[in-house]
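Residue numbers (mature numbering (1 follows the signal peptide of the UniProt record, and there is no 0)): -26 to -1, 1 to 529.
This is the structure we're talking about:
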């Protein structure tokens, strides 16, 4: 099933979004006097810092820098507060699958045939993710070169505003006990720390299931020192060189507003002023290339003036794989998202969710499942709500990597992205082990309340193998071989990383190597995703680097 053949489904979804009751209620949102549509921006402006991308790293970074300097944030998406109910916990799948032109999640298909998404909203991925909050491994902090006390302070700064203890109701309790039965030991109780075994983590959903995001961290900002423009797409970073052969220096950016009108933002005439790119894994590499920093072999054929031949931009791109099972339940299930996690020594993480809202147009899946399972007593698994749940696994540190390649000079067009899923045999072995753990959890005594006795785990594998989860071909043994199942049903965990990695594109201070006045601070600098879910660390990094940059400015 390609996107072109999904036109009718898209039309249905657009109609559902216009009428869906979950999106119609009002909620008090932060009253940000400094957030404006980019159509109101002046033709030319000057700033101490220009932050490209108001996402998980960009928002805390900009809020921190605004304490002592003038900051401009340019976000290509809109406001998450415009329709706050849209991002409630129950609407996770609906938000992710929203096909409207101004959706918070921009869909693209990798060259591997896997559906994927890029955040397109103030707050970035924290507005469209499953909400789980957990710290990075100690190893990641040591490798980053960040001071441990600064890291802990930055985590706390984030947690004071947007983090809550995840609830532990029936589905997540069964998940916890099932993991322990399956041997994912020890039980570590509630903790934000990354510890092998089974634990309960935190979430950015509050007790009313309302989402909080990195955009909320702008409440820390000094409103006199910050301006945020929405629907502002940066097309190019500007550079100057003082003499022939000298290092290029970033001096400003050109950006387009929602009407296509171009604006220019310059750095103030201060040697410590900087442009900081926090546009996400896809966007940061893309913008560097569009601005002339990247592989000569890619840029020159597109007519992009070369500022610096940097062949590592867009390389080392990786994506943590997602595979799992759908489990119809004979008993009612509560709404839940990723409260319990199993952290395995075999480098995979096991998580679960249940009771999510669905559009009426997904009703066909119930009939589809009934036809495959040949069951008449199941009732409706998919209606407007998931009557059951999912258990999924993530390969923690994929060795398989790919690259990003520009399609054109259009900044609105997602580049070609290839992650080379399971190219390395070890990744496939880890996926198979993760699937075995999921099967053991589903077969555990703890999970029996949520299992139809007449449906085997082999049948559950057959169901997933038959669903159009991606554009990869299926094989005769997709459901009978876990190796083939992993390959054929692979999805994204949306934990992209790489493309502007430390030591290859940026240095330990996240400065772009060979260029002055330019940094990249986001997950594109990572060589692996920290923790079970990276949002905690990305927000922490934005705050911590803001503190460091601010300190350097004062010195």
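Think of the CB as a built atom: it goes at the ideal place given N, C-alpha and C, for glycine as much as any other residue.
- By the criterion of at least three beta-carbon pairs nearer than 8 Å, the region 437 to 453 is in contact with the region 294 to 314.
- Around the Cβ of residue 161, a 10 Å sphere holds fewer than 16 other Cβ atoms; the residue is exposed.
- Beta-bridge annotation (DSSP): residue 302 is paired with 362.
- Secondary structure within the region 494 to 518: not one fully enclosed beta strand (DSSP E) run of 3 or more consecutive residues is present.
- Inclusion of residue 280 and residue 208 in the CB contact set at 8 Å is not warranted, their separation being larger than that value.
- For residue 106, the three-state secondary structure derived from DSSP is strand.
- A straight line joining the alpha-carbon of residue 431 with that of residue 416 spans about 8 Å.
- Counted as a single uninterrupted DSSP element, the beta strand (DSSP E) harbouring residue 326 occupies residues 322 to 328.
- Secondary structure note for residue 20: its beta strand (DSSP E) is the uninterrupted segment 18 to 21.
- Taking 3 residues as the minimum length, the beta strand (DSSP E) runs contained wholly in the region 440 to 479 are 471 to 473, in order along the chain.
- DSSP lists 203 as the beta-bridge partner residues of residue 10.
- Under a 10 Å Cβ-count criterion, residue 521 is classified as buried, with 16 or more other Cβ atoms of the shown protein chains found around its own Cβ.
- Collapsing the DSSP output to three states places residue 276 in a helix.
- Annotation: the continuous alpha helix (DSSP H) that includes residue 135 extends over 122 to 136.
- With a cutoff of 8 Å on beta-carbon distance, residue 188 and residue 98 are scored as near each other.
- Judged by pairs of C-beta atoms under 8 Å, the region 17 to 25 does not touch the region 59 to 78, as fewer than three such pairs exist.
- Contact annotation: residue 124 and residue 518 have beta-carbon atoms nearer than 8 Å.
- Listed as beta-bridge partners of residue 179 by DSSP are 185.
- Judged by pairs of C-beta atoms under 8 Å, the region 402 to 421 does not touch the region 282 to 294, as fewer than three such pairs exist.
- The beta-carbon distance between residue 227 and residue 246, rounded to whole angstroms, is 18 Å. This is too long to meet the 8 Å contact definition.
- Inclusion of residue 362 and residue 104 in the CB contact set at 8 Å is not warranted, their separation being larger than that value.
- Look at residue 367 here: in three-state DSSP terms it is strand.
- The beta carbon of residue 242 sits closer than 6 Å to those of 20 and 22, all from its chain and outside the five residues before and after it, given in chain order.
- Counting only runs of 3 or more residues that sit fully inside the region 51 to 84, the beta strand (DSSP E) segments are 79 to 83, in chain order.
- With a beta-carbon spacing of about 6 Å, residue 412 and residue 324 fall inside the 8 Å limit used to define contacts.
- For residue 221, no alpha helix (DSSP H) segment is defined, and its DSSP state is neither H nor E.
- In this structure, residue 329 lies near residue 360, with their beta-carbon atoms less than 8 Å apart.
- Taking C-alpha positions only, residue 290 is separated from residue 374 by approximately 9 Å.
- Within its own chain, the residues whose Cβ lies closer than 7 Å to the Cβ of residue 37, once the five positions on either side in sequence are excluded, are 191, 192, 194 and 195, listed in chain order.
- The Cβ atoms of residue 174 and residue 154 do not sit closer than 8 Å to each other.
- Exposed is the label assigned to residue 181, since fewer than 16 other Cβ atoms lie within 10 Å of its Cβ.
- Counting only residues of its own chain and dropping the five nearest sequence neighbours on each side, residue 277 has a CB closer than 8 Å to the CB of 383.
- Apart from the 5 residues on each side of it in sequence, residue 472 sits with its Cβ closer than 6 Å to the Cβ of 290, 291 and 292 in its chain, given in chain order.
- Residue 230 sits in a strand when the DSSP states are folded into three classes.
- With a 10 Å radius around the Cβ and a threshold of 16 neighbouring Cβ atoms, residue 114 comes out buried.
- The beta carbons of residue 513 and residue 132 sit about 5 Å from each other, so the pair counts as a contact at 8 Å.
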